[in-house]
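Residue numbers (our numbering), protein chains in the order written: chain F, 1 to 438; chain L, 1001 to 1034.
Ideal Cβ positions, reconstructed from N, Cα and C, are used throughout, including at glycine.
Only one structure is covered here, and it is reproduced in the block below.
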Amino acid sequence: VKTKAALPVDSFDWGNYIGSGDMMGAPVSCFKHVPMGNSWEDIKEGIRVEVLNSDSNLPMKVYWIASIVKLAGFKALLRYEGFDGDSGQDFWCNLCVPDIHPVGWCASGGKPLVPPKSIQHKVTNWKGFLVKRLTGSKTLPADFSFKVQESMQFPFKKLMRVEVVDKAHLCRTRVALVQQVIGGRLRLVYEESHDGSDDFWCHMYSPLIHSIGWSRSIGHRFKRSDVTKKMDGLMDAPGRLFAKVKDVDQSGEWFKDGMKLEAIDPLNLSTICVATVRKVLADGYLMIGIDGSEAADGSDWICYHSTSPSIFPAGFCEINSIELTPPRGYTKLPYRWFDYLRDTSSVAAPVKLFNKDVPNHGFVPGMKLEAVDLMEPRLVCVATVTRIVHRLLRIHFDGWEDEYDQWVDCESPDLYPVGWCQLTGYQLQPPAMQASRE
Amino acid sequence: GAEASGRKWEQKQVQIKTLEGEFSVTMWASDDKK
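Here is the structure:
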């Protein structure tokens, strides 16, 4: 499997990249897990804000009113009042960084608004002009900045203990410590890693992390930590901090060992493969193996919850014109489920057992976003939604070949709006240019 | 009226201060009713 190397990041600018044309950024409201994700509906084009006036020769900072011309994630293309149809002075900024205010903020602080120098003499009566332009228009909520700051607080703290998938043996979990929290993404270091280098990045709502004791509670394999003495100051992350899964009723018809299905390959997210339920665990969890590429000892089985958006009934790919990767070594091609089930004396998992929810996610092909390269989870990259199949998104990493594309669920906590890295301080991987790729 | 987000758009008198003096205008801003 190809993994991408980190690239030089210093010159990428989303505003220049998106421009004022047709390129779109996915709206913040598509990402419920990000700061402001649940309170972005009211942010629209045409809303007025008070921002720094970059066209002033006064010795102190002064502000002027601007309106949102275009939105792309957290970023907004703004135009100072007074420039009317002239887009020449438009500028991009991140609405969630400090110093973006609702109209009225300057007056409340006794600061006078000062028009840009280049249009100061264009209007003789600025009061009349502003009354006419602003009356009946919209501005940011008064609590906008407070909401932004509030939503940037994350409950996971350094040194909290969690259970997380063992990246070297997907079939088991290990204890890890939270070493860093950036925008809700956690850098976890496995407890036995003496030099702190054996780490794993994931979002705090990732299905791959759980509270201490989860593995034992559902019968999942677990690598016992050889750390005998618990360090001072450590605490187990409280169970309420982790993403919840739906309760499922396993008393009726349920998955059984040996049932066949289709699953996103955890080791190669660009493919959906033929897979088998290898073990049914408690609380609706399943150990799934990818047919044709399983280690004899099951060390690369992966745990998916039965409601996971990464598993599908047999036939899903065919119905949706998605390429299904047949089991490695199965020579009867083209692959047909009917033949394979007969050849392996197996049955397909019943369709009714799978999660059929399709949320009104709002993504549209062509939308730009910031996406984790799930093969290299520390990298958040410039990416594009290139295809949508119900709730499944095909994510392309700009500048990289299509073979790096990944299937990702629309509610994945590893997808972020344009501007999220700037807001959280996370390093964004720019689009790969031919030279830097080589 | 009330929006799906539980926020409500309301008209507000907003103070504007320029070098020529201070005045107010009526604008809309959403408010979090929760």
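G284/F carries a helical assignment under DSSP once its states are collapsed to helix, strand and coil. Among the residues facing chain F, E1020/L is included, as its CB has a counterpart in that chain under 7 angstroms away. Where V385/F is concerned, the enclosing beta strand (DSSP E) starts and stops at V380 to V389.
Collapsing the DSSP output to three states places G128/F in a helix.
Inclusion of S39/F and L77/F in the CB contact set at 7 angstroms is not warranted, their separation being larger than that value. Counting every other CB atom within 10 Å of its CB across the protein chains shown gives R224/F a total below 16, marking it as exposed. Neighbourhood of L130/F in chain L, by CB distance below 9 angstroms: I1016, T1018, F1023 and V1025, in chain order. Counting only runs that start and end inside the segment 218-280 of chain F, the beta strand (DSSP E) elements of at least 3 residues fall at 260-264 and 272-280. N94/F is bridged by DSSP to K75/F.
For P365/F and V385/F, the gap between their C-alpha atoms comes out near 5 angstroms. With respect to chain L, the C-beta atom of W337/F has no partner C-beta closer than 7 angstroms. Between the alpha carbons of V382/F and M36/F lies a gap of roughly 20 angstroms.
The beta carbon of G289/F sits closer than 6 angstroms to the beta carbons of T276, R278 and W301 from its chain, once the five residues preceding and following it are set aside; these are given in chain order. Closer than 8 angstroms at the C-beta level to chain L, one finds these residues of the segment 38-55 of chain F: N38, S39, E41, D42 and R48. Taking E1010/L as the centre and dropping the five residues before and after it, the same chain places the C-beta of D1031 closer than 6 angstroms to its C-beta, in chain order.
In the structure shown, the three-state DSSP call for S193/F is coil. In this structure I311/F touches F354/F by the C-beta definition: roughly 7 angstroms separates them, less than 8 angstroms.
Counting only the Cα atoms, S145/F lies some 30 angstroms from G239/F. Three or more beta-carbon pairs separated by less than 8 angstroms link the segment 162-175 of chain F to the segment 191-209 of chain F, which places the two stretches in contact.
When the alpha-carbon of S215/F is set against those of H305/F, L269/F and R133/F, the nearest one is in H305/F.
For the C-beta of A142/F, the chain L residues within less than 7 angstroms are, from N- to C-terminus, A1029. When secondary structure is reduced to three states using DSSP, W400/F falls in the coil class, being assigned neither helix nor strand. Y63/F is bridged by DSSP to L52/F and L113/F. Considering only A237/F, N16/F, M23/F and D13/F, the residue with the shortest C-alpha distance to M367/F is M23/F. Nearest Cα to P359/F within the set F12/F, D99/F and S29/F: S29/F.
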